[in-house]
Every structure is written in C-alpha cells, then in structure tokens.
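Residue numbers (the UniProt record's numbering), protein chains in the order written: chain C, 1 to 146; chain H, 1 to 146. Beta carbons: idealized from backbone N, C-alpha and C, even for Gly. Remember, predicted model here, so these are calculated numbers, not experimental data.
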C-alpha cells in the first residue's frame with residue numbers, strides 16, 4: 001500500500017504528533033520512513049549584508065541548517081524508539097511546502113504526513129497551517145494532516 | 001490503529017479516488033468504514049418561497065437528499081466491490097465541512113478521508129478544496145487528503 005512515507009518535521013508539537021502517526025503507518029505497512037526538515041533560506045538581501053559581517057555568529061543559513069539537522073536527528077531517535085525501522089533523515093533549504101512536495105516527487109513517496117500546524121502557524125487553532133494546506137493541495141500523493 | 005474510518009463522498013472524481021484509498025485503509029486495519037454524503041440545506045429564503053410552489057418538482061431539500069442517498073449507495077457498492085467490509089452509508093444535511101467534522105466526533109472516527117477537491121471546487125487544480133481544507137483544520141482526528 002505504501003512503500004515510502006515522508007514525515008515533515010519542524011520541531012513543533014504538531015509535527016511530533018504527526019511523526020508518531022507516521023511511525024504507526026510505517027510499522028503497519030513496512031514502508032521506508034523518510035523524515036525531512038526544511039529550513040527557509042536566508043533572503044538574498046540579508047545574505048548580501050552577511051558578507052560584511054564577521055564570521056561569528058554564523059551566517060543564518062548555516063545556523064538554520066544546523067538547527068534543522070538537530071530537529072531531524074531528534075525526530076529520528078524518537079521514531080526509532082517508537083519501533084520504526086528503515087528511518088532516514090534529510091535536511092533541505094527552501095520554501096517548506098514547495099520543498100516537501102518536490103522531495104516527495106523526487107523520492108517516489110506514497111504518503112506525506114504533516115502536522116496540521118507548524119512552528120510558525122496561527123496559534124488560535126482555527127486556521128490550517130499554510131504549509132500543511134499547500135502540501136495537501138500541491139502533492140501528487142495523499143497527504144495525512146495530523 | 002484505526003477502528004473507524006470516515007470517507008466523505010460527494011459524487012466527484014476526487015471523492016471516488018479518496019474512497020478507494022479509504023478502502024485500502026479499511027482492508028489493512030479491519031476498521032469499520034463509514035461513508036457520508038452531506039447535502040447543503042436549501043436556504044431559509046428559498047425554503048419560504050417553496051411554500052407557495054406546487055409539489056412538483058420536489059422541494060430542493062428533498063431532491064438534494066435523494067441525490068445524496070444515490071451518491072452514498074453508489075459509493076457503498078464500489079467500496080464493497082473493492083473488497084471493503086463493514087461499510088455503512090449515511091446522509092446528512094448541512095454545511096459540508098462542519099457536518100463531516102461533527103459526524104466524525106459523534107461517531108468516534110479515527111481517520112477522515114476526503115478528496116483534495118470536491119464537486120464544487122476550483123477547477124484549476126491549484127487551490128485545495130475548501131471542504132477538505134476546513135475538515136483538515138477543524139477535525140480532532142487525522143485527515144487524509146487524497
């Protein structure tokens with residue numbers, strides 16, 4: 001039914017709940033489980049400013065990339081503790097929704113699992129996070145919104 | 001993992017594709033599969049007009065309800081042909097997203113399956129149907145957008 005499941009993680013509580021559901025699917029189907037954390041690229045304007053800055057603190061892209069790596073590592077450990085096997089972690093820079101959908105297509109993903117709200121969504125809980133909404137809209141495969 | 005799956009059907013192609021995915025989940029988990037078609041209530045204004053109309057053609061609510069019943073029956077047959085068991089059909093009148101979410105809550109549904117676009121969504125394929133978006137946003141259980 002599913003050969004490859006992609007869970008998007010961003011360090012938010014919703015993403016962790018989504019990850020747990022993705023693990024249940026992985027265990028049920030024996031699919032591979034890919035975890036992806038997307039960090040937003042520093043804007044070109046900001047990047048140009050960073051050229052005249054000192055090396056410390058690190059340029060935002062690098063710091064964001066490292067944070068994303070930590071998020072994926074934590075998620076990977078958590079998934080493994082929950083009994084998932086065949087777990088692989090990935091970090092990409094770009095616009096989250098677009099990058100998730102592109103990654104899913106490139107890696108023949110059958111199911112994308114996303115939290116209903118991400119780390120930067122509305123806090124009132126009434127509006128679907130823009131990332132999950134866009135992913136569900138653009139993806140060629142089914143999207144599970146948790 | 002899932003004890004009760006709810007697939008929303010509205011006669012659209014997307015809803016049928018979603019139904020097929022719901023059947024796969026049903027077969028995988030042995031859950032009950034509920035099919036729900038929601039028809040929009042005739043507005044009160046229109047309803048008041050219909051009081052002075054003849055009995056033929058039937059009042060819109062009745063016609064819509066009968067159409068919804070046909071949609072559910074067709075979906076039920078299709079699901080059964082695909083090997084689903086424990087399938088039950090339901091028809092409700094009301095606002096689709098709100099009614100689906102309320103029904104899911106009342107019937108302890110674990111997973112809602114909806115088509116990414118319904119019968120009255122944008123045809124350009126770029127915008128997530130408002131029903132699937134609202135359901136994914138409001139539901140207390142995971143929503144699979146197909």
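* **chain C within 8 Å of residue 136 (chain H), Cβ atoms only** => yes
* To do: Look at the Cβ atom of residue 15 (chain C), then the Cβ atom of residue 9 (chain C), and state whether they are nearer than 8 Å.
  => yes
* Asked: When we look at the beta-carbon of residue 21 (chain H) and count the other beta-carbons within 10 Å, is it buried (16 or more) or exposed?
  -> buried
* **Endpoints, beta strand (DSSP E) assigned at residue 4 (chain H)** => 4 to 8
* N-terminal and C-terminal residue of the alpha helix (DSSP H) that residue 134 (chain H) is part of -> 130 to 138
* **Under 7 Å from the C-beta of residue 142 (chain H): neighbouring residues of chain C** => 21, 144, 145, 146
* Asked: Which residues, in order along the segment 61 to 87 of chain C, keep a beta-carbon less than 7 Å from a beta-carbon of chain H?
  -> none
* Among residues of its own chain, excluding the 5 on either side of residue 41 (chain H), which ones have a beta-carbon nearer than 7 Å to its beta-carbon? -> 61, 93, 94
* Do you know how far the Cα of residue 88 (chain H) is from the Cα of residue 64 (chain H)? -> 20 Å
* How big is the Cα-Cα spacing for residue 106 (chain H) and residue 66 (chain C)? -> 44 Å
* Name, in chain order, the residues that DSSP records as bridge partners for residue 39 (chain C). => C:93
* Asked: Which stretch, first to last residue, makes up the beta strand (DSSP E) that contains residue 111 (chain H)?
  -> 111 to 114
* Of the residues C:74, C:71, C:135, C:80, which one's Cα is nearest the Cα of residue 33 (chain C)? -> C:80
* **DSSP-derived helix/strand/coil call for residue 71 (chain H)** => helix
* Secondary structure of residue 87 (chain H), DSSP reduced to three states -> strand
* Taking 8 Å as the CB-CB cut-off, is residue 6 (chain C) touching chain H? -> no
* What does residue 106 (chain C) touch in chain H if you count any residue whose Cβ is under 9 Å from its own? -> Going along chain H, no residue has its Cβ under 9 Å from residue 106 (chain C), so there is no contact; the nearest lies around 20 Å.
* To do: Kindly say whether residue 123 (chain H), judged by its beta-carbon, lies nearer than 8 Å to any beta-carbon of chain C.
  => Model confidence at residue 123 (chain H) stands at a pLDDT of 44, short of 50, so the residue's coordinates are unreliable; what they give is reported in the following sentence. Judged by the 8 Å Cβ criterion, residue 123 (chain H) is not in contact with chain C.
* Asked: Hey, how far is the Cα of residue 122 (chain H) from the Cα of residue 129 (chain H)?
  -> Caution is warranted here: a pLDDT of 44 is assigned to residue 122 (chain H), below 50, making its placement in the model unreliable, and the coordinate value is therefore given only provisionally. Cα to Cα, the separation comes out at about 7 Å.
* Answer with yes or no whether the minimum CB distance from residue 24 (chain C) to chain H is below 8 Å. => yes
* To do: Would you kindly work out how many angstroms separate the C-alpha atoms of residue 11 (chain C) and residue 144 (chain C), rounded to a whole number?
  => 18 Å
* To do: Please compile the residues from chain C whose C-beta is within a distance smaller than 8 Å of the C-beta of residue 28 (chain H).
  => 1, 28, 29
* Where residue 146 (chain C) sits in the DSSP three-state scheme -> coil
* **Test item: CB-CB of residue 84 (chain H) and residue 141 (chain H) under 8 Å** => no
* Asked: Among C:97, C:71, C:109, which has the Cα closest to the Cα of residue 91 (chain C)?
  -> C:71
* **Contacts of residue 116 (chain H) in chain C (Cβ-Cβ under 9 Å)** => 136, 137, 139, 142, 143
* residue 132 (chain H) versus residue 131 (chain C) - alpha carbon distance -> 15 Å
* Asked: If you check the beta carbons only, do residue 137 (chain C) and residue 97 (chain H) fall under 8 Å apart?
  -> no
* Asked: residue 125 (chain C) to residue 134 (chain C), Cα distance in whole Å?
  -> Note that residue 125 (chain C) scores 43 on pLDDT, short of 50, meaning its location in the model is unreliable and no value can be drawn from it.
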